[in-house]
Amino acid sequence: MINPKNPFTVGKTVPPERFVGRKYEINSTFAQIDNGGHVAIWGSSGMGKSSLLEVLKSLEVWHKRGLDPSTVIIVYFSCLSIEPFLASEFWREILKLLAEKFQKDVSFYSEINTLLEKSEVNKDDLRQVLRVIGKENKRLVLLVDDYDVVMRENSQYKAENIEGFLGECRSLAHHSDEGKYLSMIVTSLRRLNEIGPTLTPEKSPWYNHYFFVPLKPFTEKEVVNVLSGLPMKPELRDGIREIADSNPTLLQNAGFILYNKLQSQSPRDTETFA
Numbered sequence: 001m002i003n004p005k006n007p008f009t010v011g012k013t014v015p016p017e018r019f020v021g022r023k024y025e026i027n028s029t030f031a032q033i034d035n036g037g038h039v040a041i042w043g044s045s046g047m048g049k050s051s052l053l054e055v056l057k058s059l060e061v062w063h064k065r066g067l068d069p070s071t072v073i074i075v076y077f078s079c080l081s082i083e084p085f086l087a088s089e090f091w092r093e094i095l096k097l098l099a100e101k102f103q104k105d106v107s108f109y110s111e112i113n114t115l116l117e118k119s120e121v122n123k124d125d126l127r128q129v130l131r132v133i134g135k136e137n138k139r140l141v142l143l144v145d146d147y148d149v150v151m152r153e154n155s156q157y158k159a160e161n162i163e164g165f166l167g168e169c170r171s172l173a174h175h176s177d178e179g180k181y182l183s184m185i186v187t188s189l190r191r192l193n194e195i196g197p198t199l200t201p202e203k204s205p206w207y208n209h210y211f212f213v214p215l216k217p218f219t220e221k222e223v224v225n226v227l228s229g230l231p232m233k234p235e236l237r238d239g240i241r242e243i244a245d246s247n248p249t250l251l252q253n254a255g256f257i258l259y260n261k262l263q264s265q266s267p268r269d270t271e272t273f274a
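Mapping of the sequence shown onto the working numbering: position 264 corresponds to residue 264, and the numbering continues sequentially without gaps.
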């Protein structure tokens, strides 16, 4: 008899306790965080980028890895929440999220709110906050989802603004003293150098401070692990893998459907499932 609660996730991120695979990607990202580095995670739709960020911000995961989450401040932000995207609004939203983290620290909370009262917020304001975070012997782990958005022009955000924002991020991470208190983890549908501004000989690559981590379709072993909670013949599992093309999100959808079919004792062959 299978678990009465459907263990598969549809329409939202997979919770860390159900996250499967990506050991190399997770280990590489945590290694970069531990070294104060930065990571650009990229992969097509459904590869589990947002779910991976959920793993990175899970305090339980940090504990299980023998890491002390009290030494970091973890902030998650999706660039899709700014419409239309503006660089100043990005920095403002990050400061707002940090203010929420420090509500019990009256002095720090007040300092951040003073910065938020400015008509326009920029990277130097976050730099000021990083300085205070460093004095507390902590570091900021900034998880930025849907980073593709910052590469798209709009009526108030042109090509020169895109270059300026990307330059600010690199300067903050790579050239400021406060950068040692920051690890920035971003996700995108494609590798950053393929979607951002074209390089010219006189400019340094705006993305060269990132360690690139690609998310590819699941391996056969990972597919087996995803579907391990369901009784099925190898032929059915292989058929599902082929139908889903080893896409993590499609496998979750397939598992959800198959679970319900098993609960209702529906036929278990690939053609019926498809």
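Cβ atoms here follow ideal geometry from the backbone N, Cα and C, with glycine treated the same way. If you're wondering where the values come from, they're calculated on a predicted model, not measured in any experiment.
For this session: Go ahead and label H174 buried or exposed: buried means 16 or more other beta carbons lie within 10 angstroms of its beta carbon, across all protein chains shown.
Result: Within the sequence shown, numbered from 1, the residue matching residue 174 stands at position 174. Exposed: under 16 other Cβ atoms inside 10 Å.
Exercise. If we ignore side chains and look at the alpha-carbon of each, how far apart do L97 and Q263 end up?
Worked result: Counting from 1 along the sequence shown, the entry for residue 97 is found at position 97. Counting from 1 along the sequence shown, the entry for residue 263 is found at position 263. Distance between the alpha carbons of L97 and Q263: 42 angstroms.
Exercise. By Cβ distance, which residues of its chain are closer than 6 angstroms to E120, with the 5 residues on each side in sequence left out?
Worked result: Locating residue 120 in the sequence shown gives position 120, counting from the first residue. Cβ neighbours of E120 beyond the five flanking positions: S88.
Problem set entry | Pick from A244, I82, S171 that is closest to D124, judged by C-alpha positions | Here residue 124 corresponds to residue number 124 of the sequence shown, with the count starting at 1. Cα-wise, what sits closest to D124 is S171.
Exercise. P205 to I112, Cα distance in whole Å?
Worked result: Within the sequence shown, the letter at position 205 stands for residue 205. Within the sequence shown, the letter at position 112 stands for residue 112. Taking the straight line from one Cα to the other gives about 31 angstroms.
For this session: In angstroms with no decimal places, state the Cα-to-Cα distance between L230 and D238.
Result: Sequence index remark: in the sequence shown, residue 230 carries index 230 (1-based). Sequence index remark: in the sequence shown, residue 238 carries index 238 (1-based). So the alpha carbons of these two residues sit roughly 13 angstroms apart.
For this session: State the beta-bridge partners of F77 as determined by DSSP.
Result: Counting from 1 along the sequence shown, the entry for residue 77 is found at position 77. V144.
For this session: Please name the residue, chosen from E83, I185, C169, that lies closest to D34 on a Cα-to-Cα basis.
Result: Taking the first residue of the sequence shown as position 1, residue 34 is located at position 34. Answer by Cα proximity: I185.
For this session: Spell out the partners DSSP gives W42 in its beta bridges.
Result: Numbered from its first residue, the sequence shown carries residue 42 at position 42. DSSP output for W42 lists S188, P214 as bridge partner(s).
For this session: Could you say if the segment 246-254 and the segment 37-56 meet the contact criterion of at least three C-beta pairs nearer than 8 angstroms?
Result: yes
Exercise. Hey, is V14 close to the ligand SAH, as in C-beta under 7 angstroms from one of its heavy atoms?
Worked result: Among the components modelled here there is no ligand, and therefore nothing to report on the ligand SAH.
Exercise. Curious, which full-length beta strand (DSSP E) runs of at least 3 residues does the segment 83-170 contain?
Worked result: 139-145
Exercise. Which same chain residues, not among the five before or five after F19, have their C-beta less than 7 angstroms away from its C-beta?
Worked result: Residue numbering aside, residue 19 sits at position 19 when the sequence shown is read from its first letter. Answer for F19: S51, V55, listed in chain order.
For this session: Could you check the C-alpha separation between V149 and S188 for me, to the nearest Å?
Result: Mapped onto the sequence shown, residue 149 falls at position 149. Mapped onto the sequence shown, residue 188 falls at position 188. Rounded to whole angstroms, V149 to S188 spans 9 angstroms at the Cα level.
Exercise. Thinking C-beta only, is L166 closer than 8 angstroms to A196?
Worked result: Within the sequence shown, the letter at position 196 stands for residue 196. Within the sequence shown, the letter at position 166 stands for residue 166. The sequence given here has Gly at residue 196, not Ala. Yes, Cβ-Cβ distance for G196 and L166 is below 8 angstroms.
Exercise. How about K57 and Y76: do their beta carbons lie closer than 8 angstroms?
Worked result: Taking the first residue of the sequence shown as 1, we reach residue 57 at position 57. Taking the first residue of the sequence shown as 1, we reach residue 76 at position 76. Cβ atoms of K57 and Y76: closer than 8 angstroms.
Exercise. In this structure, does DSSP put L227 in helix, strand or coil?
Worked result: Position 227 of the sequence shown, counting from 1, holds the residue named residue 227. It is coil, neither helix nor strand.
Exercise. For the putative contact between R139 and Y109, defined by C-beta atoms under 8 angstroms, what is the C-beta separation to the nearest angstrom?
Worked result: Counted from its first residue, the sequence shown places residue 139 at position 139. Counted from its first residue, the sequence shown places residue 109 at position 109. About 19 angstroms; that fails the 8 angstroms criterion.
Exercise. For V72 versus V213, is the C-beta spacing smaller than 8 angstroms?
Worked result: Position 72 of the sequence shown, counting from 1, holds the residue named residue 72. Position 213 of the sequence shown, counting from 1, holds the residue named residue 213. No. Outside cutoff.
Exercise. Any idea what DSSP makes of L67, helix, strand or coil?
Worked result: The count along the sequence shown starts at 1 and reaches residue 67 at position 67. Reduced to three states, the DSSP call for L67 is coil.
Exercise. By the 10 Å Cβ neighbour count, where 16 or more other Cβ atoms means buried, how is R22 classified, buried or exposed?
Worked result: Sequence index remark: in the sequence shown, residue 22 carries index 22 (1-based). Buried is the call here.
Exercise. If S183 and G36 are in contact, beta carbons under 8 angstroms, what's the gap, nearest whole angstrom?
Worked result: For the purposes of this step, residue 183 is taken as residue 183 along the sequence shown, with counting starting at 1. For the purposes of this step, residue 36 is taken as residue 36 along the sequence shown, with counting starting at 1. Contact flag correct, Cβ pair sits at about 6 angstroms.
Exercise. For F303 versus Y259, is the C-beta distance shorter than 8 angstroms?
Worked result: Summary: the structure shown does not reach residue 303, with the chain confined to residues 1 through 274, and so no result is reported for it.
For this session: May I ask you to report which of helix, strand or coil DSSP gives L182?
Result: By one-based count along the sequence shown, residue 182 stands at place 182. Residue state, collapsed to three classes: strand.
Exercise. Between which two residues does the alpha helix (DSSP H) harbouring Q32 extend?
Worked result: Counting from one through the sequence shown, the residue named residue 32 turns up at place 32. Unbroken alpha helix (DSSP H) run through Q32: 23-34.
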